[in-house]
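Here the structure is laid out as structure tokens; the discussion comes afterwards.
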Amino acid sequence: MSEVLITTGTAAPLRRRSRFFARVLRQPLGLIAFTVLVLMVLMVVVGPALLQHSPTRTSPLETLRPPSAEHWLGTDELGRDVLARIAHGGRVSLAVGLFSMLVGLFLGIAIGGSAGYFGGRTEAVLMRVVDTFMAIPAFFLILVIVTSFGNHPVMIVVTVGLGFWAQMARSVHAEFKRFRLADFVEASRALGSKHLRLMLRHILPQVMPQATVLATLGVGWAILTEAGLSYLGLGIQPPLASWGNMLQNAQAYLFRAPILAVWPGLFIALTVLSFNVLGNALRDILDPRG
Amino acid sequence: MKVRGTPYRWLVASLLAVCAAFGTAQEADTSAVLNLATNADPTLNPWAPGAVIESNLINTILFEQLTRYSPEDLTPSPMLATSWRAEDEGMSWVFELREGVVWSDGDPFDAADVAFTFNDVVLNPDLGAQSASQFSSIDRVEVIDDHAVRFVLNEPFSALPYYLASFAGIIPVHVLGEAENPLQVATFNKGTPVTTGPYKVSEFVPGSHVALVPNELYWAGEPKLAGMTFRIIPDLNTQVAEAMAGQLDVVTRLSPQNVAGIESTGALEVLRQSQNLFFFVAPNHDDPRLADVNVRQAMELAIDRQAMIEAILSGYGQVASGPVAPMLGALFNGDVQQYAYDPEAAAALLDEAGWTLGADGVRQKDGQRLSFYMPTGQFGDLVPATLLVQQFWADIGIETDVQVMEWNAYIQDVVLGRNYELTLAWWSMPPTADVAPYFSCSAAETGNNIPNYCNEELDAIMDEGRAALTLEDQIDAYSRMQDLLAVELPYLYLWWPDILTAKSVRLQGFPEITASAAFQHSFDWYVEAQ
Amino acid sequence: MTQYLVRRLAQGLVVLFLVSLLTFFLINLAPGGPSSLVDMSTTVAERNARYALFGLDRPVHERYVSWLASAVQGDLGRSINQGLPVTGLLAQRLGATLALALSALVIAGVLGILLGIVAAMNPNRWPDHVVGTVATLGMSVPNFWLGIVAIILFAVELRWLPASGIASIGRGFDVVDRIRHLILPAGVLAFGLMPNVVRVTRAAVLEVKATDYVRTARSKGLRDVKVLRKHMLRNAFVPVTAMLGLITTVLFSGSVVIESVFGYAGIGRLAIEAANGRDYPVILGVTMLAGTVVVVVNLIVDLLYVVIDPRIRHV
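Protein chains in written order, with my numbering: chain H, 41 to 330; chain W, 136 to 665; chain P, 562 to 876.
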């Protein structure tokens, strides 16, 4: 709709490696965020195997216990081990974030890219579809789909991805449009390259830095969105734990055991914060003008 | 249940009510406006489908019924009807109507309103009126004269006066009679309806509040509050926060987790009320594994229901031995088969029935596994309760596949479609032992008999109870019914929860026995002057 | 310019048509149905009778055509669960949401631009880092969580502000009272929006700072503040305006959750009630309204560019 959308920057031609690392080193916050995320991933991948407690084992006689040697973070309202749930829930929340982002990224590049590359009628049609999705506030769309079609984890991932792809498509579209007549693309076309090859081998790499930044921020957004859906009871459903639904369960105990809301809230905030810091750092690294 | 066991309290309460009725001016603060909360915009018509939770208490104040519950023992007592009697061996009931009652627009109330409410609304199958199926024993209502009606039945229905006290408000024929669909008149349902109750609607601001003011035409005189405001607050935590900040005088359906917080303010007290309401796990009797009574009994024995009550209800509830709650007094039979938590006995029973532990930890027999599809809906405590039950059964080798569904989809698919093997839910019933709508063969498949349980012996006993016109005969029939229901376990009974209501300590004349009784007697409410 | 306007309006209409088509079929093809038509004790016969009353037994495409036919005449139908006309419901709620959204926008805009400028004037020094951290934090905390914490802190513990609602009941129209009710929800919303504004402002100011005319101006000896005022702000407003356009969508999304937490009767809560209650006409109505607002705001934003920066021309 807005033809002069500010794109988050313009990808300069690929830079030399040494300068790339120099830039990375000038982003200490980004490095810290990256480290936090690596630790977080380690925790959710390896953690559950090391923990002795099951995240779903209920125990009605041991509810709301404070932290102890047995339960490091205490137990929740059904007597489940909070630490085990944080680790398992993190696995689900991070997976939802990553896969939703991939769905959004894929759709965004495929549709935005085609529109920008082919132009003409294809562009007109595809961009109206993009506009349509931009016109429905993402959360409305997600709300409608999830209340209608249920909250199977795959459904949540696809839906959250759907809430995100249009924005991606718009940026990618603008970039593809810019590059499709660039000299190096023209040259390759003259040599007889096919459309798909041109798009994937020549234009896509130019778009990637910016897409990476958007995607990184997108993971954080997706995790927050799942948490918001959970607050409304529409997110990932039990017995599966997610940080979002842990936070939702904690709602009922807000006045009695507020600590239950603190742990998942903390992990969500820390993770999303890290993705955002990393995204901003990447923006500066990959595209200093942005 | 502060109420039960302390007769003095009732004496005191009644005395207070009497004092209040005679208007001891220094006692009551007549300028007080009571603040209450509801979770969504109510629909101000007791028979409009849906919107029950947010509407039924406010409708109870506005729309009076033929009968209401006595605050002492919940027996039906006069409201718009002054007396009633069964005729034709229980095949018809005559209700004498109160004279001098006028609608809030000044029109007189008479038998035509009652006939309209039932003949044209409740019994009209095209309208699908709320809880109309509870009145399926009524054939028609005949007008005898302006102040008497006859309910003509198609089968005996001794609990009729009880059911008429349960969310069965009378609506005005002179306002709704001409409407194409009397249940969908927006100016009525969402505006200022014409009512007979002690308070009437003065303002309905959608999304914000409904304001009530005294009905100066009320038949018993002027009520004692300057008004009431039902504020619409969807988030329960926000309701509690408002109450703790002193902005609400009554909070109904309080979550047990918030009792301590509410009581800590000192300005509010929490009443433990009861209701004829039981939570259950419904086994689908179409499944041959669950049709075996030994399996059902084993499953009941394997659940530590007291522990569940502690965990989920913070102890505010009682292990249920059947569907009929102890609040029913003489009609309640507690001396039935009990299933105290005993996982060993449960395991033994299953072994005996041929279900032996397999290598995967799940019991099996003849190649079949004791593994069940257990959908549940997102509503109240259903999900956590289901997760606890799942663990107890896993401990004795019964596997359940729990699927959490959105509430509408759950009702359509599980409740109406019977697409489940086990499911945890609840029934809320009028305070009578007549539970036929939930247990009889005729209610299986398409009615409220969700488990599709059918037992002719049980049906015969329930018919006896419906036809019994004396309390002794009813006690006899219903006590045998409860014996049988406890052995047979058509539903696996879980608990009778306490219904928690927080009210301002200054609010008096508020019957403590049940929330519906309290709201049916809103005329008696008053606020102590400070 | 006129031609551009006409084209954009036509595109907008196409988009709205697609929005309605998408939404209508999404909600109607899903299992389940309007919540007022069923509850625990509903029997199959009662359910069927109620469906017939609302015409829900007709085929989906037929229902869409009749919905569209009345929609183009401005009649969005009646809410199934509430029995009220949808246009009336929307009108009632829109004002409240606009008040909330505008307050949040103003807070986010003013604070965001100020902080963004502060950050850009001190790139990579401590004020920049502090602003960056606060802003990123705003993007990272779940807003409903923040909302509940705010209620407990400011309404229950400190009792400074009301916990919920739009206005105190029975007080008539009282501006101070309304503003007191707005502070918490608008503040929480703004906290989540601000980071975008900060980031874009900072980037824009940095970019402008690097451009020739500012350098020239500085070399002419103008002081920083003056340079900033004279040259940079106007240019920086271009991307900020664009951001505001995007934020409208975010606001609609954000209001869904925030209005629930604060019991604020706006469009967002109507959306939730409708989605949870499967109130088809209301879901459609809310989506169409949101779509229209987004389309119109985007158009206005694009036109604003021309006003702010005459170098941009629309063809």
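No residue lacks a Cβ here, since even glycine has one placed at the ideal position from N, Cα and C.
Query, Result
"Of the residues that make up the stretch 292-305 of chain H, which ones have a beta carbon closer than 9 Å to any beta carbon in chain W?", "A292, Y293, L294, F295, R296, A297"
"Spatial neighbours of L371 of chain W within its chain, please: CB distance less than 7 Å, with the 5 preceding and 5 following residues excluded, ordered by chain position.", "S390"
"Closer than 9 Å, CB to CB, is S343 of chain W near chain P or not?", "yes"
"Name the chain W residues that come within less than 7 Å of A835 of chain P, Cβ to Cβ?", "Per Cβ cutoff of 7 Å: no residues; A835 of chain P is ~11 Å from chain W at best."
"Which residue from P:R608, P:R741, P:L754, P:L707 puts its Cα closest to that of A309 of chain H?", "P:L707"
"Distance, Cα to Cα, V749 of chain P vs Q503 of chain W?", "55 Å"
"Return helix, strand or coil for W219 of chain W, following the three-state DSSP convention.", "strand"
"How far does the beta strand (DSSP E) with H344 of chain W in it reach, from first residue to last?", "344-349"
"Grouping DSSP H, G and I as helix and E and B as strand, with all else coil, what is E663 of chain W?", "strand"
"Can you tell me whether V428 of chain W is buried or exposed? The criterion is at least 16 other CB atoms within 10 Å of its CB, across all chains shown.", "exposed"
"Keeping to the same chain, check which residues put their C-beta closer than 7 Å to that of I175 of chain W; ignore five residues upstream and five downstream.", "According to the sequence provided, residue 175 of chain W is Ala. The question's Ile does not apply to it. Result list for A175 of chain W: E189, I367, P369, in chain order."
"Short of 7 Å Cβ to Cβ, which residues in the stretch 161-186 of chain H face chain W?", "none"
"Identify the contact partners of T762 of chain P in chain H, using a Cβ-Cβ distance below 8 Å as the criterion.", "Residues of chain H passing the Cβ test: none, with the nearest at roughly 12 Å."
"Can the beta-carbon of V508 of chain P be found less than 9 Å from the beta-carbon of G670 of chain P?", "No answer is possible for residue 508 of chain P: the residues shown for chain P start at 562 and end at 876."
"Check whether chain B comes within 9 Å of G268 of chain H, counting only Cβ atoms and requiring the distance to be less than that.", "The structure shown contains no chain B; its protein chains are H, W and P."
"Identify the continuous beta strand (DSSP E) that holds Y334 of chain W and give its terminal residues.", "334-340"
"What residue does the alpha helix (DSSP H) around L169 of chain W start on, and which one ends it?", "Per DSSP, L169 of chain W belongs to no alpha helix (DSSP H); it is in the beta strand (DSSP E), 168-173."
"What does S188 of chain H touch in chain P if you count any residue whose Cβ is under 7 Å from its own?", "L587, I588, A591"
"How about L655 of chain P: is its C-beta nearer than 9 Å to some C-beta of chain W?", "no"
"Do you know whose CA, among P:A764, P:A662, P:I712, lies nearest L676 of chain P's CA?", "P:A764"
"Going by alpha carbons, who is nearest to V761 of chain P out of P:A711, P:T697, P:L583, P:G638?", "P:T697"
"Roughly how many whole angstroms lie between the Cα atoms of L82 of chain H and T311 of chain H?", "13 Å"
"How would you label N685 of chain P, buried or exposed, when you count the other beta carbons within 10 angstroms and need 16 or more for buried?", "exposed"
"In chain order, what residues of the same chain have a beta carbon less than 6 Å from the beta carbon of E820 of chain P, not counting five sequence neighbours either side?", "G827, G829, R830"
"Short check: CB of R120 of chain H to CB of S133 of chain H, under 9 Å?", "no"
"Do W238 of chain W and A460 of chain W count as a contact pair if the criterion is CB distance below 9 Å?", "no"
"Would T75 of chain H be called buried (16 or more neighbouring beta carbons within 10 Å of its own) or exposed?", "exposed"
"Would you mind giving the Cβ-Cβ distance between Y508 of chain W and D536 of chain W, rounded to the nearest angstrom? I have them listed as a contact below 8 Å.", "5 Å"
"From which residue to which residue does the beta strand (DSSP E) around K359 of chain W run?", "Careful: K359 of chain W lies outside any beta strand (DSSP E) and carries neither H nor E."
"Work out the CA separation of V575 of chain P and N859 of chain P for me, nearest whole Å.", "15 Å"
"Please name the residues in the stretch 72-98 of chain H whose beta-carbon is closer than 9 Å to at least one beta-carbon of chain W, in chain order.", "T96, R97, T98"
"Just curious, the beta strand (DSSP E) that F244 of chain W is in, first and last residue?", "Neither: F244 of chain W is in no beta strand (DSSP E) and is coded neither H nor E."
"Any C-beta of chain H sitting closer than 9 Å to the C-beta of W687 of chain P?", "no"
"Please compile the residues from chain P whose C-beta is within a distance smaller than 8 Å of the C-beta of S266 of chain W.", "S602"
"Can you give me the C-alpha to C-alpha distance between A148 of chain W and T605 of chain W, rounded to a whole angstrom?", "In this predicted model, A148 of chain W has a pLDDT of only 49, less than 50, meaning its place in the structure is not dependable; the value taken from the coordinates is given anyway. In a straight line, the C-alpha of A148 of chain W is about 30 Å away from that of T605 of chain W."
"Give me the chain H residues within the contact set of M700 of chain P, using Cβ-Cβ distance strictly less than 9 Å, ordered along the chain.", "L257, G260, W261, L264, V312, L313, N316"
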